[in-house]
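Colleague: Okay, here's the structure, questions in a sec.
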Ligand SMILES: Nc1nc2c(ncn2[C@@H]2O[C@H](COP(=O)(O)OP(=O)(O)OP(=O)(O)O)[C@@H](O)[C@H]2O)c(=O)[nH]1
Ligand SMILES: [Mg+2]
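In the working numbering, the protein residues as written are 13 to 314.
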């Protein structure tokens with residue numbers, strides 16, 4: 013019945029690399045947010061919409077919470093992460109399957125003390141621990157906070173995701189759907205394309221280089237014959253990084269391009285012609301104007 017539907021915003025917060033973006037993608041059944049084994053993959057707030065006969069959950073994926081930022085990009089990411097809590101009807105705090113609470117988790121806990129909305133603790137990656145340890149994990153986290161619920165899951169392996177959705181709906185108010193159920197995300201195709209390329213950079217390059225990269229889309233055009241032409245630039249911080257991103261004889265750039273094109277062809281359901289450039293912009297992560305150009309700017313500041 014229409015008037016029995018529930019709806020609201022579920023904000024996913026947690027340390028870098030705990031699996032927030034993976035969980036969100038698996039909850040909605042489509043890959044929207046990029047993921048990688050490197051911490052601080054997500055840089056922006058990413059909204060996705062899940063609708064079923066109980067109602068609608070709007071998920072907000074956020075950058076991994078860190079205590080100390082090293083540059084303006086990091087500051088921006090933390091503003092997004094903590095600021096998103098204000099929009100939450102329910103908070104999903106995601107942790108590793110361990111009873112250990114690190115400094116970042118303690119800071120999150122302190123931030124949550126100021127939040128009025130209910131908090132569900134999501135213990136992720138339970139596929140990596142003995143099943144028998146889970147009840148003890150739940151018990152030890154129970155002592156930390158008056159959680160509305162504690163749900164162990166594996167986002168990657170789709171374990172307990174229905175239970176998690178039920179737990180979320182339980183906390184949401186009755187109300188109208190915010191979005192057309194067909195509207196899966198607030199991300200534009202251009203944004204998803206840029207992020208897909210950045211994901212390949214994160215996954216294919218090691219160490220520090222990916223953290224200093226951004227991707228801009230110069231051209232995005234779908235031709236009458238269905239082929240989409242995309243031109244994009246990978247921005248990096250040093251000439252030496254540019255050399256590594258391009259690789260010997262252009263081999264690395266080719267690998268990045270091929271991997272990104274494959275994903276984009278699935279996403280766009282058509283052929284893609286992808287041309288990549290690499291540019292150096294020294295210290296862009298501390299340059300307010302460049303950050304804005306690359307899409308890292310608070311909406312309230314525009
Ligand atoms: N074994 C296992 N690995 C997982 C699970 N969920 C995520 N991962 C892995 O954990 C890593 C980080 O996943 P992400 O989804 O990018 O993590 P995140 O919390 O969004 O990270 P940031 O955006 O950096 O804050 C990736 O290598 C995932 O494949 C899970 O349930 N089980
Ligand atoms: Mg993420």
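The beta carbon of each residue, even a glycine, is placed where N, CA and C say it ideally should be.
1. Express the C-alpha separation of residue 57 and residue 217 in angstroms, rounding to a whole number.
2. If you follow the alpha helix (DSSP H) that residue 181 is in, where does it begin and where does it stop?
3. Ligand 2 heavy atoms versus the CB of residue 161: any closer than 7 Å?
4. Quick one: measure Cβ to Cβ for residue 22 and residue 102, integer angstroms, because I've assumed they're closer than 8 Å.
5. Note down, in chain order, each residue of its chain lying with its Cβ closer than 6 Å to the Cβ of residue 271, except the 5 sequence neighbours on either side.
6. On a Cα-Cα basis, can you pick out the residue from 178, 169, 110 and 171 that is closest to residue 145?
7. Let me confirm a value: residue 13 is counted as buried when at least 16 other C-beta atoms fall within 10 Å, else exposed. Which label applies?
8. Let's see if you can read the secondary structure: which residues bound the beta strand (DSSP E) around residue 46?
9. Report all residues from its chain with a CB closer than 6 Å to the CB of residue 119; omit the five preceding and five following residues, and keep chain order.
10. Counting only the same chain and skipping the five closest in sequence on each side, list residues whose C-beta sits under 7 Å from that of residue 45.
11. Going by beta-carbon coordinates alone, are residue 176 and residue 134 separated by less than 8 Å?
12. List the endpoints of the continuous alpha helix (DSSP H) containing residue 78.
13. Excluding the 5 residues flanking residue 123 on each side, which residues of the same chain have their C-beta closer than 7 Å to its C-beta?
14. Between which two residues does the alpha helix (DSSP H) holding residue 106 run?
15. Tell me which same chain residues have a C-beta within less than 7 Å of the C-beta of residue 50, skipping the five on either side of it?
16. Using 10 angstroms around the beta-carbon of residue 192, count the other beta-carbons present and answer buried if the total reaches 16, otherwise exposed.
17. For residue 276, verify whether its CB is less than 7 Å away from any heavy atom of ligand 1.
18. What separation, rounded to the nearest whole angstrom, lies between the Cα atoms of residue 273 and residue 41?
19. From residue 302 to residue 224, what distance separates their C-alpha atoms?
Modeller: With the structure as the only source:
1. 24 Å
2. 173-183
3. no
4. 5 Å
5. 212
6. 110
7. Only weak support is given to the placement of residue 13: the predicted model assigns it a pLDDT of 48, under 50, and the question is left unresolved by the model.
8. First-last for residue 46: undefined, no H or E at that position.
9. 79
10. 33, 36, 37, 54, 58 and 73
11. yes
12. No alpha helix (DSSP H) holds residue 78; DSSP gives it neither H nor E.
13. 94 and 97
14. Taken as a continuous stretch (DSSP letters only), residue 106 belongs to no alpha helix (DSSP H), being part of the beta strand (DSSP E) at 102-107.
15. 214 and 222
16. exposed
17. no
18. 21 Å
19. 13 Å
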